[in-house]
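*Asks:* So for the sequence shown, this note's numbering puts the first residue at 2; every next one is plus one.
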Amino acid sequence: MTITFDQLGLSQPVLQALDMKGYNTPTPIQAQAIPAVLDGRDLLGIAQTGTGKTAAFMLPSIDNLRKAAKQTPFKSCRMLVLAPTRELAGQIADSARDYGALAGLKVSSIVGGTSVNKDRNKLHKGCDILVATPGRLLDLIDQKAFNLSGVEILVLDEADQMLDLGFIHALRRISELVPDTRQTLFFSATMPKTIKELVGKYCRNPVTVSVTPAATTAERIDQYLFMVQQDEKPALLEMILLEQHKVPGKFERVLIFTRTKHGADRLVKRLAQANIPSNAIHGNKSQPQRVRALDEFKRAKTPILIATDVAARGIDIPGVSHVINYELPNVAEQYVHRIGRTARAGAEGIAIAFCAEDERAYLKDICKVTDAEFDRLPLPENFRAVVEGVGPTKPAPKTQQQRVRPQPRGASVERHGGGQRKPNRAGHGGQGRSDGGRSEGARAEGGRGQGSGGRGRPSGNRSRGGGSGGRG
Numbered sequence: 002m003t004i005t006f007d008q009l010g011l012s013q014p015v016l017q018a019l020d021m022k023g024y025n026t027p028t029p030i031q032a033q034a035i036p037a038v039l040d041g042r043d044l045l046g047i048a049q050t051g052t053g054k055t056a057a058f059m060l061p062s063i064d065n066l067r068k069a070a071k072q073t074p075f076k077s078c079r080m081l082v083l084a085p086t087r088e089l090a091g092q093i094a095d096s097a098r099d100y101g102a103l104a105g106l107k108v109s110s111i112v113g114g115t116s117v118n119k120d121r122n123k124l125h126k127g128c129d130i131l132v133a134t135p136g137r138l139l140d141l142i143d144q145k146a147f148n149l150s151g152v153e154i155l156v157l158d159e160a161d162q163m164l165d166l167g168f169i170h171a172l173r174r175i176s177e178l179v180p181d182t183r184q185t186l187f188f189s190a191t192m193p194k195t196i197k198e199l200v201g202k203y204c205r206n207p208v209t210v211s212v213t214p215a216a217t218t219a220e221r222i223d224q225y226l227f228m229v230q231q232d233e234k235p236a237l238l239e240m241i242l243l244e245q246h247k248v249p250g251k252f253e254r255v256l257i258f259t260r261t262k263h264g265a266d267r268l269v270k271r272l273a274q275a276n277i278p279s280n281a282i283h284g285n286k287s288q289p290q291r292v293r294a295l296d297e298f299k300r301a302k303t304p305i306l307i308a309t310d311v312a313a314r315g316i317d318i319p320g321v322s323h324v325i326n327y328e329l330p331n332v333a334e335q336y337v338h339r340i341g342r343t344a345r346a347g348a349e350g351i352a353i354a355f356c357a358e359d360e361r362a363y364l365k366d367i368c369k370v371t372d373a374e375f376d377r378l379p380l381p382e383n384f385r386a387v388v389e390g391v392g393p394t395k396p397a398p399k400t401q402q403q404r405v406r407p408q409p410r411g412a413s414v415e416r417h418g419g420g421q422r423k424p425n426r427a428g429h430g431g432q433g434r435s436d437g438g439r440s441e442g443a444r445a446e447g448g449r450g451q452g453s454g455g456r457g458r459p460s461g462n463r464s465r466g467g468g469s470g471g472r473g
């Protein structure tokens, strides 16, 4: 039996807002979470991106705020939603305005990279719902321009990502500043130990809802793998984007991941030399630059976007046909977040990974942690000669698919190209902390790797790792 939103106990103003958006059937996490949140229960939601978790906490919270009918607190808010990136914060705020259009609630958002004075003025009279990045929020609190005394509902979205970005101390401080009587809602795609500890400390007997096993890849995403040397990656990417080497699926919008901000910029320049227009989005970009890049990507004016992990967390754009992991993430759970940018809202998607010799341990961890399986794709014929500029490109020959499973840790593995090699943790562009930086967006990108993904189903080998050795 199909459940509808009006069976979940939501009020008429919220149901009318949903009707205006054309929504009538809740997603699994919405069906599980909404009744619990309406009852005032604390909640831990384990859900990947694209499952509708924003509505899962926003719809019932709007209803609870509306029914309580309390006055908007001075220099404070009634509901606080914390998000790791500017883009995600902006999208949550937009959703809150849409869902609460008929509820008469004031919604504001504050993020790094914008005018602090404007934020101070905006929040002077308080608001009902505030969506914020942790750094900017604490800046205003330290300036005595805002306080958390009025918070009735605290939401941590993408909690695992905030921990990865080093926001753990900020989250603890914010959690200590809100009233003890608040309702707390945690949402995370994965469940690391630190998340469990935070939930145990700051939630009261929470209801746990989970719509997918933690850190598994979406079933609607076909995943493919190229084994390729680092110096061959640029040429391979160009040939794929120019359709000189076919991959599964039809290109609509292509999201490409690199580990570092500088790597993203270098790739934009390299593609431009091949007359392939693209934009980059990362923490070194100003807020107007990021907004413009996302807008051009959304409108398909520039349908190729190169991103770092954190900057892409707010990208909720339909029609992303391919995600290309140009560089594999050095944290396996990040792979889930990356490929989750495609196959949104029930659509199907394609993820393509480029794996070099020094990334084999990353690939092995991804397969182990996320249970991902890859169809191996062949490189173009005479590819090395093409890379060295001494040979023409030819279509790749069709080969039979073969399943390859990862070996146990420490076991020897066939190396594509011969031999074994210990992975270099720095990957292609270096890992370091090259994504640490300025204001909120830059600060949110501290030191995690970035890469890219794509889609298709040509012939090749099936792989679940293909690597050897430890994580080096």
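Glycine included, C-beta positions come from ideal geometry on N, C-alpha and C.
Which residues in the same chain have their Cβ closer than 8 angstroms to the Cβ of ALA333, if we skip the five residues on either side of it in sequence?
*Replies:* ALA216, TYR363, ASP366, ILE367, LYS369, VAL370, THR371
*Asks:* Just list the alpha helix (DSSP H) runs in the region 258–325, keeping only unbroken ones of 4 residues or longer that don't cross its boundaries, in chain order.
*Replies:* 262–274, 288–299
*Asks:* Out of ILE257, ARG121, GLY105, ILE130, which one is the CA nearest neighbour of PRO330?
*Replies:* The residue with the shortest Cα to Cα distance from PRO330 is ILE257.
*Asks:* If you run the structure through DSSP and keep just helix, strand and coil, what is ALA348?
*Replies:* coil
*Asks:* Thinking C-alpha only, which one of LEU45, VAL179, VAL229 is nearest GLU198?
*Replies:* LEU45
*Asks:* So, with DSSP's three-state summary, where would you put GLU382?
*Replies:* strand
*Asks:* To the nearest angstrom, how far is the alpha carbon of ARG130 from that of SER150?
*Replies:* Before going further, note that residue 130 is Ile rather than Arg in the sequence given. Computed Cα separation, rounded: 14 angstroms.
*Asks:* Mapping the DSSP letters down to three states, classify TYR100 as helix, strand or coil.
*Replies:* helix
*Asks:* Per DSSP, what kind of secondary structure is GLY442 in: helix, strand or coil?
*Replies:* At GLY442, the pLDDT of 42 sits below 50, so the modelled position is not reliable; the number obtained from the coordinates is stated separately. Residue state, collapsed to three classes: helix.
*Asks:* Out of GLN49, PHE188, ARG174, LYS22, which has the shortest C-alpha to C-alpha gap to ALA102?
*Replies:* LYS22
*Asks:* What would DSSP say about PHE147, mapped onto helix, strand or coil?
*Replies:* coil
*Asks:* Output the residue ranges of the beta strand (DSSP E) runs that lie fully inside the region 179–216 and measure 3 residues or longer, sorted by chain position.
*Replies:* For the region 179–216, the full-length beta strand (DSSP E) segments reaching 3 residues or more read 184–189, 208–211 along the chain.
*Asks:* Would you kindly work out how many angstroms separate the C-alpha atoms of ARG221 and SER322, rounded to a whole number?
*Replies:* Inter-residue distance for ARG221 and SER322 is about 12 angstroms (C-alpha atoms, whole angstroms).
*Asks:* Does the region 145–163 touch the region 2–11, meaning 3 or more C-beta pairs lie closer than 8 angstroms?
*Replies:* no
*Asks:* Along the chain, where does the beta strand (DSSP E) containing TYR336 start, and where does it finish?
*Replies:* No beta strand (DSSP E) holds TYR336; the alpha helix (DSSP H) holding it covers 333–340.
*Asks:* If we call anything under 8 angstroms between Cβ atoms a contact, is SER110 one with ALA90?
*Replies:* Yes. Within cutoff.
*Asks:* Kindly give me the distance between the Cβ atoms of VAL212 and THR52, rounded to whole angstroms, as I take these residues to be in contact under 8 angstroms.
*Replies:* Yes, VAL212 and THR52 are in contact; Cβ-Cβ is about 6 angstroms, under 8 angstroms.
*Asks:* Inspect the CB distances between the region 251–265 and the region 76–83 and report whether three or more fall short of 8 angstroms.
*Replies:* no
*Asks:* Can you give the beta carbon distance from ALA57 to ILE35, rounded, assuming they're within the 8 angstroms contact cut?
*Replies:* 6 angstroms
*Asks:* Do ARG291 and ILE282 have their C-beta atoms closer together than 8 angstroms?
*Replies:* yes
*Asks:* Kindly list the residues whose CB is nearer than 7 angstroms to the CB of THR303, restricted to its own chain and excluding five residues on each side of it in sequence; keep chain order.
*Replies:* PRO278, SER279, ASN280, GLU297
*Asks:* Grouping DSSP H, G and I as helix and E and B as strand, with all else coil, what is ILE93?
*Replies:* helix
*Asks:* With C-beta atoms as the reference, is GLN230 less than 8 angstroms away from ALA354?
*Replies:* no
*Asks:* Could you tell me which uninterrupted beta strand (DSSP E) segments, each at least 3 residues in length, are contained entirely in the region 108–134, listed from first to last along the chain?
*Replies:* 108–111, 128–133
*Asks:* CB-CB under 6 angstroms to VAL208, same chain, minus the five flanking residues each way: which ones, in chain order?
*Replies:* Sequence-distant partners of VAL208 (beyond 5 residues in either direction) whose C-beta falls short of 6 angstroms from its own C-beta, in its chain, are ALA37, ARG42, LEU44.
*Asks:* On the criterion of 16 or more Cβ atoms from any shown chain inside 10 Å, does HIS170 qualify as buried, or is it exposed?
*Replies:* exposed
*Asks:* So, with DSSP's three-state summary, where would you put ALA18?
*Replies:* Helix.
*Asks:* For ALA37, does the three-state DSSP call read helix, strand or coil?
*Replies:* helix
*Asks:* Looking only at its chain, what residues have a beta carbon closer than 7 angstroms to the beta carbon of ILE30, apart from the 5 residues adjacent to it on each side?
*Replies:* GLY46, ALA48, THR52, GLY53, LYS54, ALA57, VAL210, VAL212
*Asks:* Would you tell me roughly how many angstroms separate the C-alpha atoms of ALA301 and GLY250, rounded to the nearest one?
*Replies:* 17 angstroms
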